[in-house]
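Peer 1:
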Amino acid sequence: MKKLLLAGKVILGAGLIIIFLNSCKNETKQEDPKEVAEDTNEAKFDSIEDKKDDSEFLVDIAEVNLAEIEIGKLAQTKSTNVEVKKFGKMLVDEHTKSASEVSALAKAKNFTLPTSLTEEGQEEYNKLNEKSGIDFDKKFADMMIDGHEKAIDKLRKTSEDAKDEDVKVWASNSIAGLTAHLEHAKLLKQNLDKK
-5 MKKLLLAGKV ILGAGLIIIF LNSCKNETKQ EDPKEVAEDT NEAKFDSIED
45 KKDDSEFLVD IAEVNLAEIE IGKLAQTKST NVEVKKFGKM LVDEHTKSAS
95 EVSALAKAKN FTLPTSLTEE GQEEYNKLNE KSGIDFDKKF ADMMIDGHEK
145 AIDKLRKTSE DAKDEDVKVW ASNSIAGLTA HLEHAKLLKQ NLDKK
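The opening residue of the sequence shown carries number -5 in my numbering; numbering runs sequentially from there.
#1: Is the separation between the beta-carbon of ALA179 and that of MET138 shorter than 7 Å?
#2: So ILE55 packs on VAL86, CB below 8 Å; how close in whole Å?
#3: My output table needs one value for THR22: the three-state DSSP class, helix, strand or coil.
#4: Is the distance from the Cβ of ASN75 to the Cβ of ASP131 below 7 Å?
#5: Since LYS148 and PHE51 are thought to touch, with beta carbons under 8 Å apart, how far apart are those beta carbons, to the nearest angstrom?
#6: Cα separation between GLU124 and GLU159?
#7: Which runs of the alpha helix (DSSP H) at least 4 residues long sit entirely within the segment 39 to 96? Give them in chain order.
#8: Using alpha carbons as the reference points, say which of SER92, ILE65, THR90 and ALA174 lies closest to LYS79.
#9: Have a look at LYS67, THR152 and GLU88 and flag the residue whose alpha-carbon is nearest the alpha-carbon of VAL163.
#10: Could you work out which residue in ARG150, GLN70, ALA135 and ALA156 is closest to GLU177 when comparing CA atoms only?
#11: Quick check: the Cα distance between LEU60 and ALA93, rounded to an integer number of angstroms?
#12: Taking only three categories from DSSP, how would you classify LYS183?
This is the structure:
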């Protein structure tokens, strides 16, 4: 009996050492901030499916805001086109305001949001940053059209399907602003295509 207990303790001790050594590995692979936020929210609301969907929407919109702000800043510094620069400034201003609203809403609902660009967002930013001149401006306009169309679709779906009334109202109230951005981006693209 004593030998069995001793063997159990040895196995348990070896297991703990292995776990400890694995946890001490110095790996610096950074996790995607969107995935971290989603995982955190899932852990909080695993048993409440309704909150999970609403939290995923806010995580997605926070990601959109972060990307639009960074791309807007890039347009202001890199473009030589006055209209592109103005659009970039408007993006920074409007999406900073939106980010603040989303952050307050998420905080009130106890949701976690990403605080930096995702890998995909950073890749898109880098692709745009590689361009210059009219190629930059056209790529910027294309990205704005595509991004705003996707964001508007998410807003519409959430304004109809969200379980949380505050999330539903915020999504519904945000559609008009993003639709105006989309129309502005389409007009910008139309003018750039003439060049």
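Note that the Cβ used here is the ideal one computed from N, Cα and C, for glycine as well.
Peer 2: Taking the definition as stated:
#1: Numbered from its first residue, the sequence shown carries residue 179 at position 185. Numbered from its first residue, the sequence shown carries residue 138 at position 144. It is a contact, given that the beta carbons lie within the stated cut-off.
#2: What you label residue 55 is simply residue 61 of the sequence shown in a count that begins at 1. What you label residue 86 is simply residue 92 of the sequence shown in a count that begins at 1. Incorrect: roughly 16 Å between the Cβ atoms, too far for contact.
#3: The sequence position of residue 22 within the sequence shown is 28, counting from 1. Bear in mind that the predicted position of THR22 carries a pLDDT of just 49, short of 50, making it unreliable; the figure below should be weighed with that in mind. Looking at THR22 - three-state DSSP - the assignment turns out to be coil, as it is neither helix nor strand.
#4: Translated into the one-based positions of the sequence shown, residue 75 becomes position 81. Translated into the one-based positions of the sequence shown, residue 131 becomes position 137. Contact: yes.
#5: Against the sequence shown, residue 148 aligns to sequence position 154. Against the sequence shown, residue 51 aligns to sequence position 57. Yes, LYS148 and PHE51 are in contact; Cβ-Cβ is about 7 Å, under 8 Å.
#6: For the purposes of this step, residue 124 is taken as the residue at position 130 of the sequence shown. For the purposes of this step, residue 159 is taken as the residue at position 165 of the sequence shown. Rounded to whole angstroms, GLU124 to GLU159 spans 42 Å at the Cα level.
#7: Taking only runs of at least 4 residues, the alpha helix (DSSP H) segments lying wholly in the segment 39 to 96 are 43 to 72.
#8: Numbered from 1 along the sequence shown, position 85 holds the residue referred to as residue 79. Cα-wise, what sits closest to LYS79 is ILE65.
#9: Working through the sequence shown from its first residue, we reach residue 163 at position 169. Closest by alpha carbon: THR152.
#10: Mapped onto the sequence shown, residue 177 falls at position 183. Of ARG150, GLN70, ALA135 and ALA156, the residue nearest in Cα terms is ALA135.
#11: For the purposes of this step, residue 60 is taken as the residue at position 66 of the sequence shown. For the purposes of this step, residue 93 is taken as the residue at position 99 of the sequence shown. Each residue's alpha carbon lies about 8 Å from the other.
#12: Translated into positions along the sequence shown, residue 183 becomes position 189. Helix.
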